[in-house]
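See below for the structure under consideration.
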Amino acid sequence: MTTAPRPGFLGILMLDTRFPRPPGDIGNPATFAPLGIDVVYRTVRGASPQRIVQQGDPALLEPFVAAAAELAAQGARMLSTSCGFLALWQAHLAQALAPVPVLSSSLLACARLARPGIVTIDAQALGAPTLLAAGVPAGTPVQGVAPGCEFQRRILGNETTLDLALARDDVV
């Protein structure tokens with residue numbers, strides 16, 4: 419028997435991934451436990467890192483809306499996602515799920531920062547449409563990690579292992 423989540427939880431839409439989710443990652447429940455935040459995850463089947471990050475596959479928008487609607491119907495107080503590239507669909511998700519607020523990406527914070535900068539898994543894939551959808555100010559510097567580095571290769575390849583020390587060095 420499974421119990422229904424308590425109303426008022428944070429609903430997180432997850433890509434269909436296999437890579438490790440270390441503490442601090444939005445996809446790791448331990449990230450929220452010390453804060454006392456109840457989290458319910460919903461994986462969108464078929465939404466691989468390649469289909470979202472590198473292809474921006476529009477066929478996945480409706481499955482994300484459907485998964486988010488399920489979470490909202492269960493009592494989610496707010497919805498987020500596990501991939502910043504989903505900022506491309508922020509307006510559509512927010513409109514479809516109102517009145518439940520949707521924060522699809524940390525890129526949305528850039529509009530409120532005096533001098534933002536972005537580090538991303540793939541600078542070429544993070545194009546103007548996604549930046550515009552997130553409200554990122556024009557001229558904001560965008561830097562990708564080195565192509566083929568541990569972090570990029572393991573995440574975009576949806577691999578089951580990740581050397582956390584190497585991945586940290588790739589990003590920092």
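Numbering-wise (our numbering), the sequence shown opens with residue 419 and increments by one. For every residue, glycine included, the Cβ atom is placed at its ideal position computed from N, Cα and C.
CA nearest to the CA of T435, picked from L515, R571, G464, A541: Residue mapping note: residue 435 aligns to position 17 of the sequence shown, counting from 1. The option with the nearest alpha carbon to T435 is G464.
For T548, does the three-state DSSP call read helix, strand or coil? Taking the first residue of the sequence shown as 1, we reach residue 548 at position 130. In the structure shown, T548 falls within a helical segment according to DSSP collapsed to helix, strand and coil.
Can you find the residues in the same chain that come closer than 6 Å, C-beta to C-beta, to A512, ignoring five residues on each side of it along the sequence? Position 94 of the sequence shown, counted from the first residue, corresponds to residue 512. Cβ within range, chain order: V520.
For V483, does the three-state DSSP call read helix, strand or coil? Looking up residue 483 in the sequence shown gives position 65. Residue state, collapsed to three classes: helix.
Helix or strand or just coil, what does DSSP make of L582? One-based indexing of the sequence shown puts residue 582 at position 164. For L582, the three-state secondary structure derived from DSSP is helix.
What is the rounded straight-line gap between the Cα of L485 and the Cα of T461? Your numbering for residue 485 matches position 67 in the sequence shown. Your numbering for residue 461 matches position 43 in the sequence shown. Leu is not the amino acid found at residue 485; the sequence shown has Ala there. Distance between the alpha carbons of A485 and T461: 8 Å.
Under DSSP, the beta strand (DSSP E) around L431 begins and ends at which residues? Along the sequence shown, read from residue 1 onward, the residue named residue 431 stands at position 13. Counting along the chain, the beta strand (DSSP E) containing L431 begins and ends at 428-432.
Less than 7 Å between the beta carbons of S524 and T499, yes or no? Along the sequence shown, one-based indexing puts residue 524 at 106. Along the sequence shown, one-based indexing puts residue 499 at 81. Their beta carbons are not under 7 Å apart, which means S524 does not touch T499 by this criterion.
Inter-residue Cα distance where the pair is H510 and P481: Numbered from its first residue, the sequence shown carries residue 510 at position 92. Numbered from its first residue, the sequence shown carries residue 481 at position 63. Rounded to the nearest angstrom, the two C-alpha atoms are 12 Å apart.
For the alpha helix (DSSP H) containing R572, list its first residue and its last residue. The residue labelled residue 572 in the question sits at position 154 within the sequence shown. 568-574 is the span of the alpha helix (DSSP H), which, as asked, contains R572.
Helix or strand or just coil, what does DSSP make of I536? Walking along the sequence shown from the start, residue 536 turns up at place 118. Strand at I536.
Below 8 Å on the Cβ atoms is my guess for C528 versus A546; work out the distance and round it to an integer in Å. Counted from its first residue, the sequence shown places residue 528 at position 110. Counted from its first residue, the sequence shown places residue 546 at position 128. About 14 Å; that fails the 8 Å criterion.
What separation, rounded to the nearest whole angstrom, lies between the Cα atoms of G442 and V589? Taking the sequence shown and counting its residues from 1, the one referred to as residue 442 is at position 24. Taking the sequence shown and counting its residues from 1, the one referred to as residue 589 is at position 171. So the alpha carbons of these two residues sit roughly 14 Å apart.
Those residues which DSSP pairs with Q561 across a bridge: In the sequence shown, residue 561 corresponds to position 143, counting from 1. V537.
Buried or exposed by the 16-neighbour rule on C-beta atoms within 10 Å, applied to R572: For this step, residue 572 is matched to residue 154 along the sequence shown. Buried is the call here.
When you compare the CB positions of L497 and G429, do they come within less than 7 Å of one another, or not? Translated into positions along the sequence shown, residue 497 becomes position 79. Translated into positions along the sequence shown, residue 429 becomes position 11. In this structure, G429 lies closer than 7 Å to L497 by Cβ.
Report all residues from its chain with a CB closer than 8 Å to the CB of Q472; omit the five preceding and five following residues, and keep chain order. Your numbering for residue 472 matches position 54 in the sequence shown. D540, A543, L574.
Taking a contact to mean a Cβ-Cβ separation below 7 Å, would you say Q570 touches V560 in this structure? Here the question's residue 570 lines up with position 152 in the sequence shown. Here the question's residue 560 lines up with position 142 in the sequence shown. Cβ atoms of Q570 and V560: not closer than 7 Å.
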